[in-house]
Each structure stands twice: as C-alpha cells, then as structure tokens.
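Read the structure below first, then the notes.
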Amino acid sequence: MINSNALKSVLIKSGHNIEWLADQLGYTPANMYKKLSGETRITLNEVVQMRDILNLSDEQTKEIFFAA
Numbered sequence: 121m122i123n124s125n126a127l128k129s130v131l132i133k134s135g136h137n138i139e140w141l142a143d144q145l146g147y148t149p150a151n152m153y154k155k156l157s158g159e160t161r162i163t164l165n166e167v168v169q170m171r172d173i174l175n176l177s178d179e180q181t182k183e184i185f186f187a188a
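Numbers 121 to 188, taken from the working numbering, label the letters of the sequence shown in order.
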C-alpha cells in the first residue's frame with residue numbers, strides 16, 4: 121500500500137498538491153484519491169510516472185510505494 125503521507129510531504133515540499141499530480145498523470149482528483157486510499161491499485165507504470173514527475177530518489181520511491 122502507498123505511503124500517502126510521505127507522498128503528500130514530497131508534494132508540499134515541491135509546492136504542489138494531489139490535484140496537480142492527478143492532472144500530470146491525466147487522472148481526475150477523485151481517481152487519484154482512490155489510488156491513495158488503496159481503493160484502486162497503483163500500477164508499476166504509474167509508480168514510474170510519479171517517480172519521474174516528482175523527481176524522486178530511489179529511497180523516496182521505496183518509502184512511498186514499497187514500504188511495508
């Protein structure tokens with residue numbers, strides 16, 4: 121499951137929000153919130169897209185998307 125707090129922290133530090141990220145990915149904010157809540161799955165392709173959009177380090181990517 122995604123660490124939505126860590127993702128939100130990265131977004132805030134970069135001056136963005138969930139709605140901005142949803143727009144960058146071509147999603148509605150509602151769909152993005154479903155992904156963050158675990159209601160719908162995030163694919164590996166989406167992880168890669170978010171990593172690239174947010175310029176995440178490997179450590180940040182692991183913390184946000186692959187932490188247990």
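Using N, Cα and C, we set each Cβ at its ideal position, and we do this for glycine too.
The structure presented is a predicted model; accordingly, all values stated were derived computationally and were not measured.
Please tell me whether residue 124 and residue 156 are closer than 8 Å, where the distance is taken between their beta carbons. Between residue 124 and residue 156, the CB-CB gap stays under 8 Å.
Output needed for residue 171: all residues of its chain with C-beta closer than 6 Å, excluding positions within five of it in sequence on either side, in chain order. 181
Out of 143, 150, 128, 162, which one is the CA nearest neighbour of residue 121? Per the C-alpha coordinates, the member of 143, 150, 128, 162 positioned closest to residue 121 is 162.
Judging by CA-CA distance, which residue of 133, 128, 185, 135 is the nearest neighbour of residue 166? Measuring from the Cα of residue 166, the nearest candidate turns out to be 185.
Beta-carbon proximity of residue 174 to residue 129, cut-off 8 Å: no
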